[in-house]
Structure formats: structure tokens, C-alpha cells
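Worksheet: the structure to be examined is printed underneath.
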Amino acid sequence: MDPAETFATLMSPEGRLDPYPAYERLRAHGPVVQTGPGLYAVTGYAEVDELLRDPRMRVSDDTWRDMMLPQWRDSPALSTIARSMLETNPPDHSRMRRLAAGAFTPRRIAAMRDVVAAQADELIEAMASAGRGGRPVDFMANFAYPLPVAVICALLGVPAVDRPLFRRWAADLTGVLEPEITWDDLVVADAGATELVGYFTELVAARRRRPADDLTTALVQAHDAGDRLTGDELLANLVVLLVAGFETTTNLLGNGLAVLLAHRRAADVLRQHPEHAPAYVDELLRYDSPVQLTSRTSSETLRAGGVLLPAGSWVLLLLGAANRDPRRYPEPARFDPWRALLSPLSFGAGPHYCLGAGLARLEGQVAFTRLLRRLPALALSGTPRRRSRLTLRGYETLPVTVGELAPVADHGAPVGTATDTP
-2 MDPAETFATL
8 MSPEGRLDPY
18 PAYERLRAHG
28 PVVQTGPGLY
38 AVTGYAEVDE
48 LLRDPRMRVS
58 DDTWRDMMLP
68 QWRDSPALST
78 IARSMLETNP
88 PDHSRMRRLA
98 AGAFTPRRIA
108 AMRDVVAAQA
118 DELIEAMASA
128 GRGGRPVDFM
138 ANFAYPLPVA
148 VICALLGVPA
158 VDRPLFRRWA
168 ADLTGVLEPE
178 ITWDDLVVAD
188 AGATELVGYF
198 TELVAARRRR
208 PADDLTTALV
218 QAHDAGDRLT
228 GDELLANLVV
238 LLVAGFETTT
248 NLLGNGLAVL
258 LAHRRAADVL
268 RQHPEHAPAY
278 VDELLRYDSP
288 VQLTSRTSSE
298 TLRAGGVLLP
308 AGSWVLLLLG
318 AANRDPRRYP
328 EPARFDPWRA
338 LLSPLSFGAG
348 PHYCLGAGLA
358 RLEGQVAFTR
368 LLRRLPALAL
378 SGTPRRRSRL
388 TLRGYETLPV
398 TVGELAPVAD
408 HGAPVGTATD
418 TP
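FYI, my numbering numbers position 222 of the sequence shown as 219, with every residue one higher than the one before it.
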């Protein structure tokens, strides 16, 4: 296949469910390949890392959207994403990011470890109760979603009773992050965005009446203090912080558990040595990344991987492919938590490096060690079902049997502090 044909297979339903064969066919043409007029795909680790850090590579701005999607302002989903730090370039991106960054410092994240562990234990005990007698339990619904959503909702000050609302709304909204989206998909995404914006409009009003010690109050006060945050930016960033705060981690937990249960010897080592959890989580992020791609446009002509990228090129940075670049990681299709130089690109790099990367890593480190120790007979049951998504790769359902519950015990030394440094 030529690069265009290979790229088409990546965008197909089969490619979205398992993109790795298409990545390797693309890689055979080089680390950077043209796949269509003005469209390029990047599979090389060094090239993706370089382009994510290059200030000439920018996320889509209003000028680009006006040219490619003339009616984007009429879409609640597209306009919400566009006004958030996710789709904003410096200096506006830097201004918005600074306002939220205080909630994600390494010290604050490390201080949350005991809270995350307590929530994980509570969910594990509920799974054990639901799975008595060998009954299958859906890991996604019973652990992978509720753990990270509880953590991000606590940071934002969202009441616990409202947490079940967000899974469907977020799943609907994030359809706009796919490289190809149908009109029907956009209608669904718009409905999710409308619900989320409506919810946060009410929460903002509540925090104005009664401030609290949470990130929503901090952002409301930043908006009300002057020109640091517009009203649209306030709501857009609350929506994105919520959605990004659990979508990526939910996928990390589901993808990661499936890998560990398929690699029993490696899981046994982690069960006995929880101090190795940081390396395990980084290898799980590399092996089956919860975020598979991001995109940039070139503000001027530049060269990457020996290929000239003209100004205005749309460049798909295939994070999942970069994480399996054999030039960086020998035998990349092998799960190996003892690899040297583990530094997956799953959270990006450069100015848009994921703000909550350290928190997601901490949740994974705590969750996997807790699950393996307290549920030693945990096993897959039935056939998991993948979401038909490429950008956000994860499971819709992941049925497991849990076996007998082991008592809470000393879980070893702290698993380390995951920093938010690219």
C-alpha cells in the first residue's frame, strides 16, 4: 500500500479498533509521510517529540477553523474545545494554563496518594461483593471510571452525587477529538457539550454564592478579578479539565489491566514489589497508549524526518506509533517494564504537555498495585469490547472475575511521586 492507502486503513473501523498494524505499514515509508494534500502523518518517536516542542507547530486556531470548518462557532462541542487551553496557542494558552496549574503541582499530587488509595480500596471491596460466586464484573463501570472521576470531581468541587452524569456526556463530547467525524457524531458531541456547559454554568453560579476550597472557585475568582479569564474560557476550561481528568486515566486503567492480566509473570512481580509501579505504569502507557494521536499545523515551512512540511500543513502526530518506534524501543511489541529510557509520549510534550499527567500516573500506580494485591485471582471473563475510537483508545466494557478479597495490608513503600514534567 502507498501512504494514502495505509492511512485510509488506519481511519477505518478495523484500524480504530487495532491501529498498530497500520502504524507499522506507515512506518515502512519513513518516520514522516505525506498521506494527502497538505496532510502528513508522523510515526517516529524523535520526530513526534521534536514537533511537539517546536514553537512553529501550533494547535488549530480560529483562522484555521474558519477555513476548514466555517460554521464551527455554531457547534457547542467545537466552540467549547476551541476556547479551552487544549486548543489555544501562546500567549493565551500560557495564561489559562497558569491559572489551573496550582492544583497539579507534584507536592499536591503526592499529598493525594492516601485519598486515591482509600477510594481504590472502597471500589475493590464493592467489586468483590458484586462478583461473589464467580459473577462477572465490568471493570470499566465498577473501577476504571469511578476512581478517576471521583478524584477530578473532588479537585473541581463537583458533588459526589453528580459523578454518574459525566461518563455519557464526556463520551459524547470527545467524539470531536477524532481526526474524522461524521455529521451524526457532531450532533451527539454537541448534545454532550451542551449538557456539560449547562452543568458548569450552574456550578459557577453556586461558587459565586458560596466559595469553596476547590479549583472551580479559584477559576471563578480569576475570572471575576479582571481580564485573566473570559466567561467562555472559564466554562470551556472547566469542561475540559473534567473530561480530560478522567477520560485518559479511565483508558489507562482499562488498557493497563488487560495487559497485566495477559502477562501473569509480570503482574506477579508487581504484586510482590509495588515499588516498581512507576516503571510499570510508564511501560503500560508506552505499550497501549490511552491517547493515540494529536495534531498540529505548521505556521511556517520546516523540515522533519527528512520531509519538508510547507506552511499550513496539517500534521497528525501518532503518539501510539511513536511509543512503538523500534529506533527508540527495541522489540516494541513486547511488554517490558524493565526497559531503559522509558519516557512515553502518551501525555504529549512541550507547551501542551498534559497538565494532569502526574495525577494520572499516580492513580495508575496506586490502582494497579492495589488491584493485584487485594484481588490475587483477578482474571478476564468473556470478551472485552473496545470503543470505536482512535484518538482516545480504551474499552467500553472489560468483564472480569474477581475471586476472594485479600485483607488490607501494608502495600509497601510509597510508589514514588510522578511529576508533571515533559
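We put the beta carbon where it would ideally sit given N, CA and C, even for glycine.
From a predicted model like this one, the values you see are computed outputs, not experimental measurements.
Is residue i buried or exposed, if buried means 16 or more other CB atoms sit within 10 Å of its CB?
i       : result
Pro327  : exposed
His220  : buried
Val412  : With a pLDDT of only 42 at Val412, under the threshold of 50, the placement of this residue in the model should not be trusted; the figure read from the coordinates follows. Classification for Val412: buried.
Leu338  : exposed
Leu305  : exposed
Val158  : exposed
Val112  : exposed
His273  : buried
Asp(-1) : exposed
Arg206  : exposed
Ala301  : buried
Val114  : Looking at the sequence itself, residue 114 is Ala, so the reference to Val does not match. That one is buried.
Gly353  : buried
Gln289  : buried
Trp180  : exposed
Met54   : buried
Asp59   : exposed
Ala98   : exposed
Glu11   : exposed
Arg95   : exposed
Ala319  : buried
Hey, out of the options, whose CA is closest to residue i's CA?
i      : options                        : result
Val363 : Leu250, Arg13, Pro373          : Leu250
Ser296 : Asp285, Leu83, Gly35, Gly309   : Gly309
Asp245 : Val134, Gly195, Val146         : One detail in the question is off: residue 245 reads as Thr in this sequence, not Asp. Here the closest residue by C-alpha is Val146.
Gly355 : Ile149, Asp135, Thr85, Gly12   : Ile149
Leu75  : Arg13, Val184, Phe136          : Val184
Asn139 : Arg132, Leu120, Ala157, Gly130 : Leu120
Asp229 : Asp279, Gly195, Pro0, Pro208   : Gly195
Arg384 : Gly253, Asn248, Asp71, Ser126  : Asn248
Gly379 : Thr294, Ala25, Leu395, Ala241  : Leu395
Asp15  : Ala274, Leu387, Ala346         : Leu387
Asp71  : Val29, Thr191, Ser81, Ala127   : Thr191
His349 : Ala263, Met82, Thr198          : Met82
Gly347 : Asn86, Arg283, Ala25, Asp210   : Asn86
Met109 : Ala357, Met54, Glu44           : Ala357
Gly400 : Arg132, Arg331, Ala168         : Arg132
Tyr142 : Ala167, Ala125, Ser126         : Ala167
Ala422 : Met93, Val173, Gln31, Glu360   : One cannot answer for residue 422 here, as it falls past the ends of the chain, which runs -2 to 419.
Ile78  : Val173, Pro18, Ala5            : Val173
Tyr42  : Gly27, Thr32, Gly33            : Gly27
Arg336 : Pro275, Thr294, Cys351, Ala98  : Pro275
Glu177 : Pro271, Ala97, Ser292          : Ser292
Arg80  : Asp46, Glu280, Asp285, Asn234  : Asn234
Asn252 : Leu231, Leu23, Ala203, Pro381  : Pro381
Glu44  : Val56, Gly33, Tyr284, Val29    : Val29
Assuming residue i and residue j form a contact by the criterion Cβ under 8 Å, report the distance between their Cβ atoms to the nearest whole angstrom.
i      : j      : result
Leu375 : Glu122 : Incorrect: roughly 14 Å between the Cβ atoms, too far for contact.
Ala73  : Asp187 : The sequence shown places Pro at residue 73, not Ala. Sure, about 5 Å apart at Cβ, within 8 Å.
Ala100 : Leu152 : 6 Å
Val236 : Val217 : Not confirmed; about 14 Å, so no contact.
Val321 : Pro329 : According to the sequence displayed, residue 321 carries Arg and not Val. Contact holds; Cβ gap of about 4 Å.
Ser343 : Leu282 : 4 Å
Met137 : Glu393 : 7 Å
Gly189 : Val278 : In fact, because the Cβ distance is near 29 Å, the residues do not count as touching under 8 Å.
Pro373 : Arg268 : 7 Å
With DSSP as the reference, label residue i as helix, strand or coil.
i      : result
Trp69  : helix
Ala346 : coil
Gln289 : coil
Thr388 : coil
Tyr326 : coil
Asp135 : strand
Ala403 : coil
Leu395 : coil
Met54  : strand
Gly33  : strand
Ala168 : helix
Trp335 : coil
Ala38  : strand
Leu200 : helix
Can you confirm whether residue i, when its beta carbon is compared against all beta carbons of chain C, has any partner nearer than 8 Å?
i      : result
Ala318 : In the structure shown, chain C cannot be found, because there is only a single protein chain.
Would the beta-carbon of residue i be found less than 7 Å away from any heavy atom of the ligand MN?
i      : result
Arg261 : Summarising the ligand content, the structure contains no ligands, and the ligand MN is consequently not present.
contact_flag[the segment 91 to 109, the segment 251 to 259] where n(CB pairs < 8 Å) is 3 or more: no
Under 8 Å, with one C-beta from each stretch per pair, do the segment 47 to 54 and the segment 161 to 168 reach the 3-pair mark? no
Report yes or no: do three or more beta-carbon pairs, one from the segment 206 to 221 and one from the segment 368 to 385, lie closer than 8 Å? no
Just checking, does the segment 26 to 42 make contact with the segment 313 to 331 on the three C-beta pairs under 8 Å criterion? yes
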